[in-house]
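Remarks on the structure that follows.
Protein chains: 2
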Amino acid sequence: MDRDRQATSSSPDGAVRLVPLGGLEEVGRNCMFLEYKNEIVIVDAGLQFPEEATPGIDYIIPNMTYLESKKSNVQALILTHAHYDHIGAIPHIIEKLGNPIIYATSLTKAIIEKRQEDHPNAPRLKIHIVKNGDRIKVSNSFEAEFFGVAHNIPETTGVLLKTPAGNIVHFADFKIDYDDDDNPQGLEEFERIGRMGVHTFLVDSTNAEEAGHSLSERIVEKNLEEIFKKAEGRIIIATFASLLTRIAEIVKIAEKIGKRVALSGYSMKTNVQIAQSLGFIKAKQGTIISLEEMHKIRDDRLLVLSTGAQGEENASLMKIVTGEHRHIKIKPSDTVIFSSSIIPGNERSVQVLKDNLARQGAIVYHSKIVDIHSSGHAPKEDLKLVMELLKPKFLVPVHGYYFMRAANAQNAREAGIKKENIILMDNGQVAELTPDSFRVTQETVPAFYVMVDGLGVGDVEEVVLRDRRTLAQEGMVVIIVTIARDKAKLLKSPDIISRGFIYLKENQEVLEEVRKRIRGLISRLPTSQSVESDYLKTIIRDQIGQFLYNKTRRRPMILPVVIEI
Amino acid sequence: MDRDRQATSSSPDGAVRLVPLGGLEEVGRNCMFLEYKNEIVIVDAGLQFPEEATPGIDYIIPNMTYLESKKSNVQALILTHAHYDHIGAIPHIIEKLGNPIIYATSLTKAIIEKRQEDHPNAPRLKIHIVKNGDRIKVSNSFEAEFFGVAHNIPETTGVLLKTPAGNIVHFADFKIDYDDDDNPQGLEEFERIGRMGVHTFLVDSTNAEEAGHSLSERIVEKNLEEIFKKAEGRIIIATFASLLTRIAEIVKIAEKIGKRVALSGYSMKTNVQIAQSLGFIKAKQGTIISLEEMHKIRDDRLLVLSTGAQGEENASLMKIVTGEHRHIKIKPSDTVIFSSSIIPGNERSVQVLKDNLARQGAIVYHSKIVDIHSSGHAPKEDLKLVMELLKPKFLVPVHGYYFMRAANAQNAREAGIKKENIILMDNGQVAELTPDSFRVTQETVPAFYVMVDGLGVGDVEEVVLRDRRTLAQEGMVVIIVTIARDKAKLLKSPDIISRGFIYLKENQEVLEEVRKRIRGLISRLPTSQSVESDYLKTIIRDQIGQFLYNKTRRRPMILPVVIEI
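So the protein lines, in turn, are chains A and B.
The first sequence begins at -11 in the working numbering and counts up one residue at a time.
The second sequence begins at -11 in the working numbering and counts up one residue at a time.
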């Protein structure tokens, strides 16, 4: 047998290979796979929202280069829940993977099928519905057992994978839910899994740095109900359309105290519709009304569920606040509630929203003021609790930046797991698991960014992003010099266009000086021979760039064009 | 007397005019003035750091249009403290104001004079040093009395302005400092001011939404000392160079437990030098060492004070983390402490920093983990305390977005101030004060953004920023068509340059299709006459723009250029 792992990328010695493709160096883009001989099982295929360093990008998806090259081995794609950071890549990758069977709960199925409608050329998905307790042989050597975990969308499922190396447990995104008396719910199930023996535990690190236990959803419900009762006019409550657990609670409370619920925002309508059809939201006929019916209802009987809690530019709440919404304008009697966390990077947009709302006289509640949001991710003490119940041999913190996973490694040590058995991997690293060992090899598979921008997948490269960043900071100046083909002579005055630099119309003297300098540059070239156009471009870029810098202390991108006639 | 306020902008009826020029719709750019007959007194002249909506801008300063037109009336510029959001505009505006006398404490004087060195063409400042308790007639009708407030830079001064309308109290940025036993310090002074009778109280709103009282600096000191003692290797502590109170505490603790202090970052060195020379930082000879001397000191005796706690790209901490720092590279034994808040918008940069540090094995502390930062701005309960002590007739929340000031208005109501006497003004609004009244008039003075970008002040306009935002999102495509002057005939193949759109080198077929379509467009023009070049540009922009959108779902900026030969 060939023992050189670099040469044969399958597992030579009967080990199970575990490879995270995303989610270990970011929040989002969650994806990993297990490989054993000629069988591959994937868990999740999420997207990552763009960062400051990737301007203009729609989102980032996991790199499928390796799996594409082995698509005939891909036997299953298991989805833990219906959040985009776990399912969002599907329309872009499923065909490349040979359209394998997807294992998902009914809610996840409905949501990925709905999204697939936006991609008419994507293949029809082959989905096997799973529910808690199901044990399914997903390939010759892998059996998956599904178990429920609490998160902020219903039907989130953890998965225990029985493999030739032992039981690998992936806990999805999870939190511990507490009842009215602050008792944790559902721990018996985790104890049972622990008793089955856990080889490797893959555990969410999103809130690994947060102290304490989860805030009970019962408290969130109680606080929301109190605010609802206090409101004298309409209630507008903004949250993620994907926080369906919260949304179901809100609808329930609204109904209980006699309010109608209008839905604003495409994803809010779609998700609520799906959740209703599957019974996750139970509302009487007439409780949920359309935006068009709102005017028939008294303000103090009305609750609007809206998207846009992050201050997204095109979302419903922003339109309401800026007066562009067709049905809803802010009134001073409105109570506006933000029932979600703020994703790092959106703080300023949310400030702008809150500012506009305050200016229009609305009463604003957010979770800094009162507990009206509980994260879907377990904090420190809950993470430790679960680690203690599962007693895994090996633990791999997943979902989060390195510092979050490092904090989770510390949690694991405090939960009694040996330091050498806690493994901080990177995306693309290959681990080999045998019944007694977990070894990160030197091998890696491609895991760098694949960016989706408009219709393009993977065609935006670093050079394009670098240009966008430069253009955003200093703008650009295009300088077009039209010269005779056979000698260095200007055929017309240089054309200059700039955008994002200074307003040239109002800076004619700068423009004139640039033209004068270009004439000077060209007059100093030998006229007897044709111009070396690359050389001319270089001196224009250097000298005009320097001149503009001296004049303005800005460095716009200089784009010289030489037209030879 | 002319009673039409629109026509004569001076105050016709003997009222004192109060005008905020900045700081009321943002955090930063703090500036306001009082005007009585032909006397104008300004309080603060700060800058605001750029926002996402203003890419590439260095900073924003208050609009001086009104004051410039009346510069002969400007009698005084009073500075409350040496933070850039209160002093940063000075080099750009002081000459326009006729270089009035500046009233400032010795530390503020030293810092603005140091900064003035970067602006060799700015005039020499005329500074009158003030200290607590000073009462100075700053103009014929205005007397200023200075009193100390606690903030995170020494010598922050509140100012009570005796005016013909009554006492106007400006509290600068402030917090309440608590002693070891959690007793508030320095309240007697505020009681005394209250007894003098306060007409209008201008009060900081930065933390108006935060519950409770200020965290005592004593607790911060105690926690820092504990972390310092626990550290087995070097300590690297990142904070704002402007938090000189904290920096002085850190130096004191370091000296007490036998550590040397090295300073990294230009502003850190400069500010510590100034604070030392004025006695605000008292360090024995040899405690503060240069970066070059670091290698002589054992790691466990070494503390580095560094700039860059916000993840700023060119600051010292970023260089240390990325390995570009000349003297400091991260070692796994290092303890890195973030002792400052994160300015909204910088969360992601700080995450990247923390991630890199964790990856290199450093132990990281920040204020989410342990109380090692106390804000310089009073929260809710402290604000109410001060309002109760001052018992002002009128109250104007300043410093902050509308929602922060609205929250402070609520605080004021809870502190017993009548709703109608709490005034939420906007930048540029003019209020008229008489002994018994505070009235916001219909008059406004220019208060829109003045942007500083490189050497340019005010020359970056909205159109330039809009272009930068577009370029950042979708990039641009320049299309150059060279045609004969007298007829619609292409003299050469169209030249196409793009940046930030797609990588055209790898998309030759798109490029070829664009060229083909342009040839088609031109071939359909009547060849018998010269081309209307604006018309040609329009159809290129529309049709090629549409083609690229269909092809990519992106809308780059299309810049057609028609060269006629």
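Built from N, CA and C at the ideal position, the CB exists for glycine as well.
Since we're looking at a predicted model, the values are computed, not measured.
How about I164(B) and S193(B): are their beta carbons less than 8 Å apart?
no
Neighbour flag for A555(B) against chain A, beta carbons, 8 Å:
Given that chain B is displayed from residue -11 to residue 553, the structure contains no residue 555(B) and the question cannot be resolved.
What distance in whole Å lies between the Cβ atoms of T145(B) and T93(B), which are believed to be in contact at a cut-off of 8 Å?
6 Å
If you follow the beta strand (DSSP E) that D73(A) is part of, which residue opens it and which one closes it?
Careful: D73(A) lies outside any beta strand (DSSP E), inside the alpha helix (DSSP H) at Y72 to I75.
Tell me, which residues are paired with T432(B) by DSSP?
Q417(B)
Does chain A have any CB closer than 8 Å to the CB of V452(B)?
yes
Does any CB atom of chain B fall closer than 8 Å to the CB of A196(A)?
no
Whole-angstrom C-beta distance between I30(A) and F21(A), which should lie under 8 Å
4 Å
Along the beta strand (DSSP E) that carries R5(B), what are the first and last residues, could you check?
V4 to G10
Closest by C-alpha distance to N409(B), when choosing among L190(B), F134(B), P8(B) and D168(B):
L190(B)
Chain-ordered residues of the stretch 459 to 488 of chain A with a beta carbon less than 8 Å from chain B
L459, A460, Q461, E462, G463, M464, V466, I468, T470, L479, K480, D483, I485, R487 and G488
Keeping to the same chain, check which residues put their C-beta closer than 7 Å to that of K407(A); ignore five residues upstream and five downstream.
R401
Alpha carbon to alpha carbon, how far is S481(B) from V519(B)?
17 Å
Look at the alpha carbon of Q430(A) and the alpha carbon of E462(A), and state the distance between them as a whole number of angstroms.
42 Å
Under the three-state reduction of DSSP, which class applies to D447(A): helix, strand or coil?
coil
Are A33(A) and L65(A) close, meaning C-beta to C-beta below 8 Å?
yes
Contact between the stretch 289 to 304 of chain A and the stretch 244 to 260 of chain A: three or more CB pairs below 8 Å?
yes
Start-to-end residues for the alpha helix (DSSP H) that takes in G508(B)
Q496 to S511
Out of R17(B), N538(B), I45(B) and S129(B), which one is the CA nearest neighbour of I81(B)?
R17(B)
Report the residue from K284(B), I277(B), M306(B) and A303(B) whose alpha carbon sits nearest the alpha carbon of V292(B).
I277(B)
Between A196(B) and N396(B), is the Cβ-Cβ spacing less than 8 Å?
yes
Residue-chain proximity (I551(B), chain A), Cβ-Cβ < 8 Å:
yes
Under 6 Å Cβ to Cβ from F326(A), same chain only, skipping five residues before and after it: list those, please.
A226, A297 and H354
Can you tell me the Cα-Cα spacing of I207(B) and I245(B), whole angstroms?
17 Å
Spell out the partners DSSP gives V155(A) in its beta bridges.
The sequence given here places Asn at residue 155(A); Val does not occur at that position. N155(A) pairs with K150(A).
E335(B) versus chain A: which residues are under 8 Å apart at the beta carbon?
P332, G333 and E335
Cβ atoms of A3(A) and T432(A): under 8 Å apart, would you say?
no
Would you decide whether I471(B) is buried or exposed? Buried here means 16 or more other CB atoms lie within 10 Å of its CB.
buried
Would a check of beta-carbon distances place R529(A) closer than 8 Å to chain B?
no
Contiguous alpha helix (DSSP H) assignments of at least 4 residues, all confined to the stretch 264 to 334 of chain A:
304 to 310
Check whether the stretch 485 to 493 of chain A touches the stretch 441 to 452 of chain B, counting contact only when three or more Cβ pairs, one atom from each stretch, lie closer than 8 Å.
yes
Enumerate in chain order the residues of its own chain whose CB-to-CB distance from V448(B) is below 6 Å, with the five nearest sequence positions on each side excluded.
M439 and D441
Exposure of L536(A), with buried meaning 16 or more beta-carbon neighbours within 10 Å
buried
How long is the line joining the alpha carbons of V418(B) and I485(A), rounded to whole angstroms?
42 Å
Please name the residue or residues paired with H116(B) in a DSSP beta bridge.
Y91(B)
Taking only runs that begin and end inside the stretch 5 to 62 of chain B, name each unbroken alpha helix (DSSP H) of 4 or more residues, in chain order.
53 to 57
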